[in-house]
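**Student:** Quick mapping for you: the protein sequence lines, in order, are chains A and B.
Taking this note's numbering, the leading residue of the first sequence gets 1, the next gets one more, and so forth.
Taking this note's numbering, the leading residue of the second sequence gets 114, the next gets one more, and so forth.
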Amino acid sequence: AQTVTQSQPEMSVQEAETVTLSCTYDTSESDYYLFWYKQPPSRQMILVIRQEAYKQQNATENRFSVNFQKAAKSFSLKISDSQLGDAAMYFCAYYNQGGKLIFGQGTELSVKP
Amino acid sequence: DAGVTQSPTHLIKTRGQHVTLRCSPISGHKSVSWYQQVLGQGPQFIFQYYEKEERGRGNFPDRFSARQFPNYSSELNVNALLLGDSALYLCASSLGQGWYQETQYFGPGTRLLVL
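1) Which chain A residues are close to Pro138(B), counting only those with a beta carbon under 9 Å from its beta carbon?
2) Could you tell me the distance, in whole angstroms, from the CA atom of Gln119(B) to the CA atom of Gln56(A)?
3) Whose CA, out of Val151(B), Phe177(B) and Glu166(B), lies closest to the CA of Leu134(B)?
4) Using the rule of at least 16 other Cβ atoms within 10 Å of the residue's Cβ for burial, across every protein chain shown, is Asp198(B) buried or exposed?
5) Return the CA-CA distance between Ser76(A) and Gln51(A), expressed in angstroms with no decimal places.
6) Measuring CB to CB, does Val111(A) end up less than 8 Å from Ser82(A)?
7) Using a C-beta cutoff of 8 Å, does Leu47(A) count as contacting chain B?
8) What in chain A is Cβ-close to Tyr218(B), meaning under 8 Å?
9) So what's Asp31(A) in DSSP terms, helix, strand or just coil?
Below, the structure is given as structure tokens:
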């Protein structure tokens with residue numbers, strides 16, 4: 001069974017600075033998808049970025065980018081030019097061939113003005 | 114376009130009661146998944162439905178059941194409620210054309226409190 005681990009329960013960043021959130025996963029599958037979701041206090045789960053395992057190129061969405069290391073089973077999220085609105089709980093998720101998302105425990109990100 | 118909608122937004126029940134939660138997917142999406150998120154944890158997969166058929170089931174007791182209707186909306190039913198069922202219940206929809214094309218989009222959730 002696949003597992004997802006986020007080892008940083010809380011992170012803090014200064015506004016306009018860069019922060020990296022860590023995620024590792026365990027799987028025996030060769031093809032899969034990885035996601036980062038953001039959950040603000042409203043509790044709505046919002047898709048941040050998606051990475052296909054067969055693609056070597058790291059995904060990028062505006063200020064959000066990932067560092068995908070398939071051999072190391074690592075999938076970190078980098079947020080550049082952090083904004084107050086980035087404050088939220090961030091979840092790393094693995095999408096398996098059985099069609100279900102497996103989430104990590106989450107990292108709570110605070111942004112200091 | 115409307116996103117995933119869920120009703121009700123909040124619900125308070127007592128132990129032993131039954132509850133029904135509802136979800137309408139994004140227009141054009143044929144797959145609906147349900148997740149339970151206990152406070153302080155990541156969401157846990159409960160069910161996935163596609164074209165009215167159950168396509169996946171998580172590690173939840175038989176008190177939990179679901180169904181999908183011809184218009185692709187879905188209901189999650191929980192019988193004999195326990196205090197531990199208190200959680201945020203999230204519904205997510207996706208195209209359902211194949212796992213390799215899937216991105217799941219979430220609704221705002223239903224907060225269930227069992228007293």
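Ideal Cβ placement from N, Cα and C applies to all residues, glycine included.
These figures come from a predicted structure and were not determined experimentally.
**Tutor:** Let me spell this out:
1) Those do not exist, as Pro138(B) stays about 15 Å from chain A at its closest Cβ, beyond 9 Å.
2) 37 Å
3) Phe177(B)
4) buried
5) 11 Å
6) yes
7) yes
8) Leu47
9) coil
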